[in-house]
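Peer 1: Numbers given in the numbering used here equal positions in the sequence shown, counted from 1, plus 167. Have a look at the structure that comes next, please.
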Amino acid sequence: MPQFTHLTPPVDGTPLTRKQGQLVVPDDPIIPFIEGDGTGPDIWRASVRVFDAAVQRAFGNARRLVWFEVLAGEKAKDLTGEWLPNDTLEAVRSFKIAIKGPLTTPVGGGIRSLNVTLRQVLDLYACVRPVRYFAGTPTPVTHPERMDVVIFRENTEDVYSGIEFAKGTPQAEKLIEFLSREMGKRLPADSGIGIKPMSETASKRLVRMAIKYAIEHKRPTVTLMHKGNIMKFTEGAFRDWGYEVAKAEFRDAIVTEDEVYEGTSKEGKVVINDRIADSIFQQILTRTADYSVFATPNLNGDYLSDACAAQVGGLGMAPGANIGDDIAFFEATHGTAPKYAGKDVINPSSVILSGVMMLEHLGWHEAARLITNGIAQSIRKKTVTYDLARQMDGATELKTSQFADAIIANM
Ligand code: NAP
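Right, dumping it as structure tokens:
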């Protein structure tokens with residue numbers, strides 16, 4: 168157990184460990200949590216009751232989650248003077264798992280997004296977003312039920328690498344001069360400059376995780392989403408590296424779409440294909456059911472995750488996880504919605520469904536299923552929070568806490 172300056176770890180509970188790379192899950196795992204800013208505390212109070220109720224109902228007293236509050240965001244700043252104390256990073260590293268509500272991104276002052284920092288510092292290289300439809304959720308499309316995808320978005324590089332220089336700075340001027348002198352590439356002198364690095368290592372480990380997931384969960388396809396027709400040596404290379412890792416490491420379990428066209432059977436295999444990013448935004452609307460698992464570079468995945476979520480009823484419902492080789496961090500995908508803070512009205516489903524992903528990660532599938540059922544039933548009965556109620560005919564609008572009660576009653 169590490170020594171903490173500001174945190175008091177629970178007196179009971181057992182940390183997750185790894186044995187030959189495999190996660191070892193005790194019956195009383197310690198789970199660090201960050202309740203989050205703005206509406207975070209409202210959401211967390213509701214969510215934790217749902218998690219504990221599901222585990223109790225699934226396993227009686229044989230298993231339980233041992234919660235450990237760790238600090239980030241405004242609460243951390245108030246209590247410790249830091250937005251992201253080292254204690255928090257140490258706790259997540261030690262316990263190999265965490266769950267969090269939304270965090271405010273401090274604007275200006277040289278402070279980077281806490282979410283981006285967490286992903287980079289803990290090397291959580293895949294952002295995983297399952298998107299599926301819950302019957303009865305109001306949506307803008309005719310056949311939302313055709314959407315059932317899991318998006319694996321590269322989390323550490325691409326235009327999010329943070330290598331940017333403002334117009335007119337010595338760094339930008341130096342780069343413009345260098346590109347002209349050494350590379351023969353001329354840019355307007357008043358350009359801001361951003362760098363888009365994409366490496367073979369990071370691309371391959373992301374695609375590897377997506378293919379492993381597809382094989383384990385018997386998913387039919389993995390689609391490499393890229394803009395390689397324009398950005399040949401970054402996004403085009405992502406596609407090439409994706410096929411390389413598929414063929415080199417999963418030859419018996421996969422077949423490429425080209426091989427299927429040439430006559431190879433796809434029976435029992437995961438089909439690997441690739442699509443240009445802009446066409447995916449059409450196809451996910453027009454041929455929704457053709458897609459199952461996506462592997463994407465960082466920016467494409469950012470856009471695609473929100474577009475898919477909107478198609479099945481919006482961001483208040485979309486769960487997410489940031490996963491590396493050692494640590495899995497589950498999180499709300501929406502922001503802090505500060506205007507609703509403390510009002511007990513916000514939809515907690517994003518954090519609750521992230522908790523479902525967490526329970527599946529622990530292998531506690533019975534508890535995960537109870538929560539999914541509870542949410543599905545609550546929506547079917549039209550007993551929902553304001554965001555869904557305002558789009559449904561004849562719905563009963565519930566507070567955040569009452570929605571948690573409904574989920575528990577409907578498990
Ligand atoms: P936001 O907090 O996601 O809220 C925008 C709007 O989305 C809300 O006003 C609300 O719409 C709706 N909404 C969001 N979450 C909802 C939920 N759980 N239930 C129901 N409706 C929900 O986005 P923002 O206002 O742009 O960002 C606020 C802060 O959050 C910023 O500091 C931003 O940086 C941060 N942020 C954090 C994360 C994260 O931690 N992962 C992600 C994004 C943004 P209506 O008003 O129409 O009801």
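Virtual Cβ for every residue (Gly too), placed ideally from N, Cα, C.
Is it the case that the Cβ atoms of residue 152 and residue 320 are separated by a distance below 8 Å?
Peer 2: Here the chain comprises residues numbered 168 to 578, so residue 152 is not present and cannot be evaluated.
Peer 1: Measure the alpha-carbon distance for residue 362 versus residue 342 and round it to whole angstroms.
Peer 2: Rounded to whole angstroms, residue 362 to residue 342 spans 11 Å at the Cα level.
Peer 1: Excluding sequence positions up to five away, which residues of its chain have a Cβ less than 8 Å from the Cβ of residue 371?
Peer 2: Answer for residue 371: 408, 409, 411 and 412, listed in chain order.
Peer 1: Residue 231 to residue 552, Cα distance in whole Å?
Peer 2: Going from the Cα of residue 231 to the Cα of residue 552 covers about 28 Å.
Peer 1: Taking the runs of the alpha helix (DSSP H) that are 4 residues or longer, which of them lie wholly in the segment 408 to 479?
Peer 2: Entirely contained in the segment 408 to 479, the alpha helix (DSSP H) runs reaching 4 residues are, in chain order, 424 to 428, 444 to 453 and 465 to 478.
Peer 1: Inspect the CB distances between the segment 168 to 188 and the segment 207 to 224 and report whether three or more fall short of 8 Å.
Peer 2: Taking 8 Å as the limit for Cβ pairs, the verdict is that the segment 207 to 224 does not touch the segment 168 to 188.
Peer 1: Between which two residues does the alpha helix (DSSP H) holding residue 487 run?
Peer 2: Looking at the DSSP string, residue 487 is not in any alpha helix (DSSP H); the run it does join, the beta strand (DSSP E), is 486 to 490.
Peer 1: Keeping to the same chain, check which residues put their C-beta closer than 6 Å to that of residue 525; ignore five residues upstream and five downstream.
Peer 2: Correct list, in chain order: 266 and 497.
Peer 1: Compute the Euclidean distance between the alpha carbons of residue 294 and residue 487, then round it to the nearest angstrom.
Peer 2: If you take the alpha carbons of residue 294 and residue 487, they lie about 7 Å apart.
Peer 1: Please list, in chain order, all residues of the same chain as residue 314 whose beta carbon is under 7 Å from its beta carbon, the five residues on each side excluded.
Peer 2: The answer, listed in chain order, is 298, 299, 300, 455, 475, 478 and 479.
Peer 1: Return the residue from the list 257, 240 and 401 that minimises the CA-CA distance to residue 249.
Peer 2: Residue 240 is the option with its Cα nearest to residue 249.
Peer 1: Let me check understanding here. Comparing Cα to Cα, which of 545, 509 and 541 lies closest to residue 212?
Peer 2: Closest option to residue 212, Cα to Cα, is 509.
Peer 1: Residues in the same chain with beta-carbon distance under 7 Å from residue 561, minus the five sequence neighbours each way, listed in chain order, please.
Peer 2: So the list reads 549, once near-sequence residues are dropped.
Peer 1: Do residue 485 and residue 459 count as a contact pair if the criterion is CB distance below 8 Å?
Peer 2: Cβ distance not < 8 Å, so residue 459 and residue 485 don't count as in contact.
Peer 1: Closest by CA to residue 202, which one among 270, 181 and 557?
Peer 2: For the residues 270, 181 and 557, the minimum Cα distance to residue 202 belongs to 270.
Peer 1: Within 10 angstroms of the Cβ of residue 505, are there 16 or more other Cβ atoms? Answer buried if so, exposed if not.
Peer 2: The residue in question, residue 505, is exposed, as its Cβ has fewer than 16 Cβ neighbours within 10 Å.
Peer 1: Quick one: complete beta strand (DSSP E) runs, 3+ long, within the segment 299 to 339?
Peer 2: Segments of the beta strand (DSSP E) lying fully in the segment 299 to 339: 315 to 321.
Peer 1: Looking only at C-alpha atoms, which of 296, 179 and 366 sits nearest to residue 328?
Peer 2: Residue 328 has its Cα closest to that of 366, out of 296, 179 and 366.
Peer 1: Does the Cβ of residue 356 lie closer than 7 Å to at least one heavy atom of the ligand NAP?
Peer 2: Residue 356 Cβ: outside cutoff for every heavy atom of the ligand NAP.
Peer 1: Starting from the C-beta of residue 308, find all residues in its chain whose C-beta is less than 6 Å away, skip the five residues before and the five after it, and write them out in chain order.
Peer 2: Cβ within range, chain order: 478.
Peer 1: Does the structure place the segment 347 to 358 close enough to the segment 429 to 445 that three or more beta carbon pairs sit under 8 Å?
Peer 2: No, because fewer than three Cβ pairs between the segment 429 to 445 and the segment 347 to 358 fall closer than 8 Å, the two stretches do not touch.
Peer 1: Considering Cα atoms alone, identify which of 195, 538 and 426 is closest to residue 220.
Peer 2: Among 195, 538 and 426, the Cα nearest to that of residue 220 is on 538.
Peer 1: Cβ of residue 506 within 7 Å of any heavy atom in the ligand NAP?
Peer 2: The answer is yes for residue 506.
Peer 1: Grouping DSSP H, G and I as helix and E and B as strand, with all else coil, what is residue 270?
Peer 2: In this structure, residue 270 counts as coil in the three-state DSSP scheme.
Peer 1: What are the partner residues of residue 293, as DSSP defines its beta bridges?
Peer 2: 321 and 490, per the DSSP bridge assignment.
Peer 1: Quick one: what does DSSP say residue 575 is sitting in, helix, strand or coil?
Peer 2: Helix, per DSSP.
Peer 1: Residue 322 and residue 285: beta carbons closer than 8 Å?
Peer 2: Their beta carbons are not under 8 Å apart, which means residue 322 does not touch residue 285 by this criterion.
Peer 1: Which word fits residue 541, buried or exposed, when buried means at least 16 other C-beta atoms lie within 10 angstroms of its C-beta?
Peer 2: Looking at its Cβ environment, which holds 16 or more other Cβ atoms inside 10 Å, residue 541 is buried.
Peer 1: Hey, how far is the Cα of residue 389 from the Cα of residue 462?
Peer 2: The straight-line gap from Cα to Cα measures roughly 7 Å.
Peer 1: Looking only at its own chain, which residues have a Cβ that is under 6 Å from the Cβ of residue 332, when we skip the five neighbours before and after it?
Peer 2: The residues are 338, 339 and 360.
Peer 1: DSSP three-state label for residue 398, please.
Peer 2: DSSP places residue 398 in coil when its eight states are reduced to three.
Peer 1: Are the Cβ atoms of residue 326 and residue 466 separated by less than 8 Å?
Peer 2: Against a cut-off of 8 Å, the Cβ pair of residue 466 and residue 326 comes out as a contact.
Peer 1: Would the beta-carbon of residue 258 be found less than 7 Å away from any heavy atom of the ligand NAP?
Peer 2: Flag unset: Cβ of residue 258 not near the ligand NAP.
Peer 1: Leaving out five residues on either side along the sequence, give the residues of the same chain with a beta carbon under 6 Å from the beta carbon of residue 417.
Peer 2: Cβ neighbours of residue 417 beyond the five flanking positions: 378.
Peer 1: Is residue 498 a contact residue of the ligand NAP, with contact defined as CB to any heavy atom under 7 Å?
Peer 2: Indeed, a heavy atom of the ligand NAP lies less than 7 Å from the Cβ.
Peer 1: Buried or exposed: which applies to residue 392, given that a residue is buried once 16 or more other Cβ atoms fall within 10 Å of its Cβ?
Peer 2: Per the 10 Å Cβ criterion, buried.
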